[in-house]
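To keep things clear, I will list the structure first and then write my remarks on it.
There are 2 protein chains.
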Amino acid sequence: MANPGALMAAEIAEQPEAWRRLLTESREQIQVAALRIADYQPRFVLFVARGTSDHAALYAKYLTEIVHQLPAGLVSPSTMTTYGARPDLRQTLMIGVSQSGGSPDLIQSLQVARDCGALTLAVTNQPSSPLAEAAELDVDILAGEERAVAATKSYTTQLLALYLLLDAVRGGDGSAMAGLPDQASKIIDDNDHFVRLAERYRFASRLVSTGRGYSYPTAREAALKLMETSYLSAQAFSGADLLHGPLAMIDRQVPVLATINGGSGGEAMRPVLSRLRDLGADVCCVGAADAVKAASAGYALPGEIAEEVSPLLEIIPFQLLSLHLAIARGSDPDAPRGLAKVTETL
Amino acid sequence: MANPGALMAAEIAEQPEAWRRLLTESREQIQVAALRIADYQPRFVLFVARGTSDHAALYAKYLTEIVHQLPAGLVSPSTMTTYGARPDLRQTLMIGVSQSGGSPDLIQSLQVARDCGALTLAVTNQPSSPLAEAAELDVDILAGEERAVAATKSYTTQLLALYLLLDAVRGGDGSAMAGLPDQASKIIDDNDHFVRLAERYRFASRLVSTGRGYSYPTAREAALKLMETSYLSAQAFSGADLLHGPLAMIDRQVPVLATINGGSGGEAMRPVLSRLRDLGADVCCVGAADAVKAASAGYALPGEIAEEVSPLLEIIPFQLLSLHLAIARGSDPDAPRGLAKVTETL
Chain G
533 MANPGALMAA EIAEQPEAWR RLLTESREQI QVAALRIADY QPRFVLFVAR GTSDHAALYA
593 KYLTEIVHQL PAGLVSPSTM TTYGARPDLR QTLMIGVSQS GGSPDLIQSL QVARDCGALT
653 LAVTNQPSSP LAEAAELDVD ILAGEERAVA ATKSYTTQLL ALYLLLDAVR GGDGSAMAGL
713 PDQASKIIDD NDHFVRLAER YRFASRLVST GRGYSYPTAR EAALKLMETS YLSAQAFSGA
773 DLLHGPLAMI DRQVPVLATI NGGSGGEAMR PVLSRLRDLG ADVCCVGAAD AVKAASAGYA
833 LPGEIAEEVS PLLEIIPFQL LSLHLAIARG SDPDAPRGLA KVTETL
Chain W
533 MANPGALMAA EIAEQPEAWR RLLTESREQI QVAALRIADY QPRFVLFVAR GTSDHAALYA
593 KYLTEIVHQL PAGLVSPSTM TTYGARPDLR QTLMIGVSQS GGSPDLIQSL QVARDCGALT
653 LAVTNQPSSP LAEAAELDVD ILAGEERAVA ATKSYTTQLL ALYLLLDAVR GGDGSAMAGL
713 PDQASKIIDD NDHFVRLAER YRFASRLVST GRGYSYPTAR EAALKLMETS YLSAQAFSGA
773 DLLHGPLAMI DRQVPVLATI NGGSGGEAMR PVLSRLRDLG ADVCCVGAAD AVKAASAGYA
833 LPGEIAEEVS PLLEIIPFQL LSLHLAIARG SDPDAPRGLA KVTETL
């Protein structure tokens, strides 16, 4: 490990460019998929994904429920694979999300869904993958080859592709996204901030990550990155669920990572922050500047981002923290123990 | 704390009796609700719940997807409260699950769902609660007053009520459940086994809980009980998701609790157990006798239980482990720090 984390660092840094590519080169494929979806008029939207891609799917579930006002669900793949369910999926849009497009359980889930009457769509980084071939429609996230085991650029391009797709179904042109690549570059330029922040958690063995609404997927993905690269126990809870039990395990030795966006989800986190303060918890806050100022540590994001696109930026500070924490702890985030890049589950 | 855990121990022990009560006294209310649902012919089923009740909802989601062959989802309550979504919920059954029936966000979610065209149903331990009043239909889990902060008898009676309800929609009479109360009594009689098992985890600070399919809700609920009562970091993953990243954090110092049922979900866990064995992980297995025998520790359940009802029995060993681990660690599981019995989130 001559240069630990070199791949992960390079792919984190590639994100602004990858987003620009997707914003300019994906218009046609997204337009084709969006028109077909609008024509199909789904009444229900299901997502199927695992790991990091499942967090992108969770983000898209919030967009579907809030912006499209459609009921949505995350499918447990085992119901269609292990248990052989053949549900009635007429008027249902089923979206599979996977970087590799190669996981057998997701491929089978989309095949079954298609047989059961669903309109199927694959969001992958491999347009010739079996998942893309199993689906009627596919959207290529155009992230370029991802070599690091910890997914970074494929996650944010999944978020962006799902946003653009769902926006296009409603006739939007993705204009809310135009300024984001430059804002991402500014965060990445603050790299040294995260080298220092990582020092703070050098000896932590467990932590909690929390957020609400659109920022809850960020809290989940932040926890997964830290587990994958730094081998600590990182648990994610929505702010509301945190108050229903897990709060008991938080004390001054269990740091909390809180994602506080500038919108309604961030506002709904304020009572959670106040409970954490009462407990004397150490809180590292990413997001709204005033919340960062009141926290033990953190990183403020620009105030003017629309809440529904903020997850693209919010995760970058946690990607950088995971990278530098792994290095500070003497491990190589490009070679996490026990993990392979493509995970095949049945 | 004269007698730490006395309330929790008493309520764990009450479960067989509470199940018998529900099996005999709930027939009429369940029949009324089931007939209305069958008549309504839902195309989608949504669940809304938090904490322990969310794990009961997840179990019911598996039943819905596998047995009823209907697409299902777990609603993020914030979409209807914080974000004010008003989705099109015609032909949708929305089930709220809550012990107290008092959490404002769940009440508001059911009210909104009813306004948006859904058939609404509340499953609570309080038939006069605001949640039960907000819903068109309600099912009382008849658990009797629950005084311990860590929910035990309300969880398994929620599982049972949801099973009976969904079974009745298909014309069933719940007969698969008849032998379960006696089987639960046998587990509870083995109390001393769990006193000894708790010694094994006396100094663990974090652990991982895993299962697949019908046993995944058990893995989630086991982790929550341990967090609430014993203040350790307990993370739950479906067996498949565990292989997508979190496996990296498992070593010989991070014990794994595995729930291996006797059906397809347990079968799908076998490759996960084999990966854990390769890593030299310490595995405590609850469920299938052969898997328990091959594990580092555990508890075998009777082999003849149908997989879809096994979650009722599977959780009891973990309830007893949580109780005795908390006591062994010098805390009182009846008074977990930082928690109240009814959690109100908006």
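For the protein sequence lines, the chains are G and W, in the order given.
Going letter by letter, the first sequence gives residues 533 to 878 in this note's numbering.
Going letter by letter, the second sequence gives residues 533 to 878 in this note's numbering.
We put the CB at the ideal spot given by N, CA and C, even for glycine.
With a cut-off of 8 Å on Cβ pairs, the segment 677 to 689 of chain W is not in contact with the segment 804 to 821 of chain W, counting fewer than three such pairs.
Ranking W/Glu543, W/Glu560, W/Glu549, W/Gly794 by CA distance to the CA of W/Ala700 puts W/Glu560 first. If you draw a straight line from the Cα of W/Pro803 to the Cα of W/Leu779, it comes to about 13 Å. Looking at the backbone, the Cα of W/Gln785 and that of G/Asp864 are separated by about 20 Å. Arg575, Phe576, Leu578, Arg582, Gly583, Thr584, Asp586, Lys593, Tyr594, Glu597: these are the residues of the segment 572 to 597 of chain G whose beta carbon lies less than 8 Å from some beta carbon of chain W, given in chain order. With a 10 Å radius around the Cβ and a threshold of 16 neighbouring Cβ atoms, G/Phe735 comes out exposed.
In this structure, G/Gly794 sits away from G/Gly743, with a CB-CB distance that is not shorter than 8 Å. Restricting attention to W/Arg702, W/Gly676, W/Gln601, the CA atom closest to the CA of W/Gln563 is found in W/Arg702.
With respect to chain G, the C-beta atom of W/Asp773 has a partner C-beta closer than 8 Å. With 16 or more other CB atoms across the displayed protein chains lying within 10 angstroms of its CB, W/Thr791 is buried. Every alpha helix (DSSP H) stretch that sits fully inside the segment 689 to 741 of chain G and reaches 4 residues is listed by chain position as 712 to 721, 723 to 732. Contact residues of the segment 605 to 631 of chain W toward chain G are Gly605, Leu606, Val607, Ser608, Pro609, Ser610, Thr611, Met612, Thr613, Thr614, Tyr615, Gly616, Ala617, Arg618, Pro619, Asp620, Leu621, Arg622, Gln623, Thr624, Met626 (C-beta to C-beta distance below 9 Å). Restricting attention to alpha helix (DSSP H) runs no shorter than 4 residues, the segment 619 to 669 of chain G encloses them at 636 to 647, 662 to 666, ordered along the chain.
In this structure, the straight-line span from the alpha carbon of W/Ile639 to that of G/Ala604 is close to 20 Å. Here G/Ala541 is buried, its C-beta having at least 16 other C-beta atoms within 10 Å.
For the pair G/Ala666 and G/Gln643, the Cα-to-Cα distance works out to about 6 Å.
Its chain contains Pro749, Arg752, Glu753 as the residues whose beta carbon lies nearer than 6 Å to that of G/His587, once the 5 sequence neighbours on both sides are disregarded; these appear in chain order. In the three-state reduction of the DSSP assignment, W/Thr684 falls in the coil class. According to the DSSP assignment, W/Thr791 belongs to the beta strand (DSSP E) that extends over 788 to 792. Here G/Gly537 really is in contact with G/Ala858; their C-beta atoms are around 6 Å apart, less than 8 Å. With respect to W/Val841, W/Met626 sits apart: the two C-beta atoms are not nearer than 8 Å. W/Gln563: member of the alpha helix (DSSP H) spanning 559 to 572, first to last residue. Taking C-alpha positions only, G/Arg869 is separated from W/Ser660 by approximately 53 Å.
Per DSSP, W/Leu844 lies in no beta strand (DSSP E) segment; the continuous alpha helix (DSSP H) that holds it begins and ends at 842 to 860. Judged by DSSP secondary structure, W/Val824 falls outside any beta strand (DSSP E) and instead within the alpha helix (DSSP H) spanning 821 to 826.
Put simply, the CB of W/Tyr763 is near chain G, with a gap under 8 Å to one of its CB atoms.
Rounded to the nearest angstrom, the gap between the Cα atoms of G/Leu567 and G/Pro548 is 27 Å.
Judged by beta-carbon spacing, G/Leu621 lies within the 8 Å limit of G/Gly649, meaning their Cβ atoms are closer than that value. Across the structure, G/Ala832 and G/Pro713 are spaced so that their CA atoms are roughly 17 Å apart.
Inclusion of W/Ser610 and W/Leu696 in the CB contact set at 8 Å is not warranted, their separation being larger than that value. Taking W/Arg552 as reference, the option from W/Leu651, W/Ser717, W/Gly628 with the minimal CA-CA separation is W/Ser717. With contacts defined by Cβ atoms closer than 8 Å, G/Pro787 and G/Asp814 form a contacting pair. When secondary structure is reduced to three states using DSSP, G/Tyr763 falls in the coil class, being assigned neither helix nor strand. Non-local beta-carbon contacts of G/Glu546 in its own chain, meaning distances under 6 Å to residues more than five positions away in sequence, involve Lys685 in chain order. Residue-level contact check: G/Asp814 does not touch chain W, since none of the beta carbons of chain W fall below 8 Å from its beta carbon.
W/Asp866 is positioned such that its CB atom lies no closer than 8 Å to that of W/Val727.
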